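Colleague: Input: one structure, supplied below.
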Amino acid sequence: MEDLIEDAKLRPILDSRGRITLEAELSSSGIVARASAPSGKSRGRREVVAFPKGGWRTALRVFSETVREAILGHEVHDQEGFDSLLREIDGTPNFAKIGGSTAIALSMALAKLGASLSEMPLYRYLGGIGPKGLPRPVGNVIGGGAHTIGGPTIQEFLVIPEEESFLASAIRAAEVHARIPDLVRGRKGPIHLGVNDERAWAAPVDDREALSILREVAGEMKIGVDAAASQFFDGKRYEFMGKRLDPEDYVVELGSLVEEFGVFYLEDPAAEDDIDSFRAIVRAHPRVLVVGDDLFTTSPARIRELGPEGVARAVLIKPNQIGTVTDTLSAVAEGRRWGMEPVVSHRSGETCEEFIAHLAVAVGARFIKTGVVGGERTAKLNELIRIEEGLGAKS
Numbered sequence: 037m038e039d040l041i042e043d044a045k046l047r048p049i050l051d052s053r054g055r056i057t058l059e060a061e062l063s064s065s066g067i068v069a070r071a072s073a074p075s076g077k078s079r080g081r082r083e084v085v086a087f088p089k090g091g092w093r094t095a096l097r098v099f100s101e102t103v104r105e106a107i108l109g110h111e112v113h114d115q116e117g118f119d120s121l122l123r124e125i126d127g128t129p130n131f132a133k134i135g136g137s138t139a140i141a142l143s144m145a146l147a148k149l150g151a152s153l154s155e156m157p158l159y160r161y162l163g164g165i166g167p168k169g170l171p172r173p174v175g176n177v178i179g180g181g182a183h184t185i186g187g188p189t190i191q192e193f194l195v196i197p198e199e200e201s202f203l204a205s206a207i208r209a210a211e212v213h214a215r216i217p218d219l220v221r222g223r224k225g226p227i228h229l230g231v232n233d234e235r236a237w238a239a240p241v242d243d244r245e246a247l248s249i250l251r252e253v254a255g256e257m258k259i260g261v262d263a264a265a266s267q268f269f270d271g272k273r274y275e276f277m278g279k280r281l282d283p284e285d286y287v288v289e290l291g292s293l294v295e296e297f298g299v300f301y302l303e304d305p306a307a308e309d310d311i312d313s314f315r316a317i318v319r320a321h322p323r324v325l326v327v328g329d330d331l332f333t334t335s336p337a338r339i340r341e342l343g344p345e346g347v348a349r350a351v352l353i354k355p356n357q358i359g360t361v362t363d364t365l366s367a368v369a370e371g372r373r374w375g376m377e378p379v380v381s382h383r384s385g386e387t388c389e390e391f392i393a394h395l396a397v398a399v400g401a402r403f404i405k406t407g408v409v410g411g412e413r414t415a416k417l418n419e420l421i422r423i424e425e426g427l428g429a430k431s
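Heads up: the sequence shown is residues 37 to 431, going by the numbering used here.
What follows is the structure, encoded as structure tokens:
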């Protein structure tokens with residue numbers, strides 16, 4: 037007997053910034069599954085739109101008038117068909133009619149419902165029965181850029197613990213996070229530090245100072261940065277570290293920091309359309325994991341277009357950038373086709389949704405970016421701790 041969607045709801049809820057996002061609820065055979073959409077502040081130009089024109093209230097109205105009736109009775113385990121139906125209902129390339137938040141919340145809820153009805157963990161439902169391992173946590177400990185008022189130009193300063201278990205790695209990242217204020221005060225005196233959207237420390241330091249602190253506190257751990265370079269590129273030059281640099285000089289300036297501080301993970305080091313700079317950075321730093329976020333926006337088509345260009349070694353995977361689970365999994369597969377590994381990621385505006393924890397395990401991601409502290413961040417970390425316990429495996 038088929039498992040069919042018997043009821044569907046969409047409601048407004050608050051994200052970690054206190055802003056409205058959407059939570060979908062689907063039910064079948066007495067089982068209820070819920071999923072909620074995150075939101076980003078530093079957004080790639082090619083991402084699907086979060087809400088239709090008119091905002092979240094319009095999204096709720098469109099769901100009530102158009103989407104709900106169309107999805108009732110759909111087979112729960114036909115994820116690809118369901119996601120195709122959402123795109124058919126919408127009829128635009130970027131979910132401008134129903135909204136990307138509606139689409140991804142419904143798509144994730146369907147996957148969770150299917151897993152529950154199949155009586156298996158979501159990571160197994162999405163990723164099959166093959167061997168599963170745990171990703172390494174990539175933790176944001178010092179903030180800058182669009183996520184932080186004041187502070188460095190670079191958006192995120194990251195630590196990557198590699199302990200023998202995911203639990204130990206998560207604990208280690210939290211310990212590093214807790215040490216940052218004392219190290220900042222040791223350089224700047226008795227100042228107050230705040231936190232940004234992702235609960236990274238907001239400190240009055242420049243990029244070099246932040247990297248120096250990060251290198252000191254990390255010790256032998258790998259470190260990384262998310263430059264989010266589109267945010268400080270005006271189409272001709274980069275405004276970086278108090279300088280106005282053309283792309284060639286910027287690549288050299290950034291590269292000197294990468295080499296000086298031993299940066300391993302380098303996300304969006306160039307603006308999303310500055311393909312030449314991405315390519316130059318990849319060639320200049322053969323041992324650095326160059327990751328494309330705004331560059332790709334989890335788009336299978338964009339990854340396919342740029343795959344032959346040698347612009348990155350990894351693709352950041354954010355389901356809400358593309359709007360469906362099917363397209364998210366296609367983005368992972370397309371990246372691997374061109375030799376680029378997936379790095380699964382949260383957004384700056386998050387909920388306690390745990391979907392990406394299961395996604396990271398399902399696709400065999402080596403790394404997951406999901407913050408260090410804060411309930412919406414630790415929800416993912418704690419779910420991965422539970423998954424690790426269930427697998428009886430080491431990360």
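C-beta: ideal position from N, C-alpha, C; glycine also. As the structure is a computational prediction, the values presented were derived from the model and not from experiment.
Since Lys-148 is in the alpha helix (DSSP H), which residue starts that stretch and which ends it?
Modeller: Unbroken alpha helix (DSSP H) run through Lys-148: 136-153.
Colleague: Is Pro-48 helix, strand or coil when you go by DSSP?
Modeller: Residue state, collapsed to three classes: strand.
Colleague: Would His-321 be called buried (16 or more neighbouring beta carbons within 10 Å of its own) or exposed?
Modeller: That one is buried.
Colleague: Could you spell out the range, first to last residue, of the alpha helix (DSSP H) harbouring Glu-116?
Modeller: It spans 115-126 - the alpha helix (DSSP H) in which Glu-116 sits, taken as one unbroken run.
Colleague: Hey, Gly-400 and Gly-169: beta-carbon distance below 8 angstroms or not?
Modeller: Yes, Cβ-Cβ distance for Gly-400 and Gly-169 is below 8 angstroms.
Colleague: Name the two residues that bound the continuous alpha helix (DSSP H) containing Ile-67.
Modeller: Taken as a continuous stretch (DSSP letters only), Ile-67 belongs to no alpha helix (DSSP H), being part of the beta strand (DSSP E) at 67-72.
Colleague: Mapping DSSP to helix, strand and coil, what is Ile-41?
Modeller: Ile-41: coil per DSSP, three-state reduction.
Colleague: Please give me, in chain order, every unbroken run of the alpha helix (DSSP H) with length at least 4 that falls completely inside the stretch 215-275.
Modeller: List check, alpha helix (DSSP H) in window: 243-254.
Colleague: In the DSSP assignment, find the unbroken alpha helix (DSSP H) run with Lys-416 in it and report its ends.
Modeller: 411-427 is the extent of the alpha helix (DSSP H) around Lys-416.
Colleague: What residues are listed by DSSP as bridge partners for Ile-178?
Modeller: DSSP, once it has assigned bridges, lists Phe-193 and Trp-237 as partnering Ile-178.
Colleague: Using a 10 Å radius around the Cβ and a threshold of 16 neighbouring Cβ atoms, would you call Glu-412 buried or exposed?
Modeller: It counts as buried.
Colleague: Ile-140 and Leu-194 - do their beta-carbons sit closer together than 8 angstroms?
Modeller: Taking 8 angstroms as the Cβ cut-off, Leu-194 and Ile-140 do not qualify as a contacting pair.
Colleague: To which residues does DSSP link Phe-300 through a beta bridge?
Modeller: Per DSSP, none; premise fails for Phe-300.
Colleague: Let's see if you can read the secondary structure: which residues bound the beta strand (DSSP E) around Ser-381?
Modeller: Its beta strand (DSSP E) spans residues 377-381.
Colleague: Helix, strand or coil: which one does DSSP assign to Leu-158?
Modeller: Here Leu-158 sits in helix by DSSP.
Colleague: Using 8 angstroms as the threshold, is the C-beta distance between Ala-246 and Gln-191 below it?
Modeller: Their beta carbons are not under 8 angstroms apart, which means Ala-246 does not touch Gln-191 by this criterion.
Colleague: By Cβ distance below 6 angstroms, which residues in the same chain neighbour Glu-116 in space, the five residues on each side in sequence not counted?
Modeller: Within the same chain, Glu-116 has close Cβ partners Thr-362.
Colleague: Excluding sequence positions up to five away, which residues of its chain have a Cβ less than 8 angstroms from the Cβ of Val-253?
Modeller: Once the five neighbours on either side are set aside, the close Cβ partners of Val-253 are Val-177, Val-195, Val-212, Arg-215, Ile-216 and Leu-219.
Colleague: Per DSSP, what kind of secondary structure is Pro-344 in: helix, strand or coil?
Modeller: Of the three classes helix, strand and coil, the one that applies to Pro-344 here is helix, per DSSP.
Colleague: What is the residue span of the alpha helix (DSSP H) that Leu-170 lies within?
Modeller: That residue, Leu-170, is in no alpha helix (DSSP H); it is neither H nor E in DSSP.
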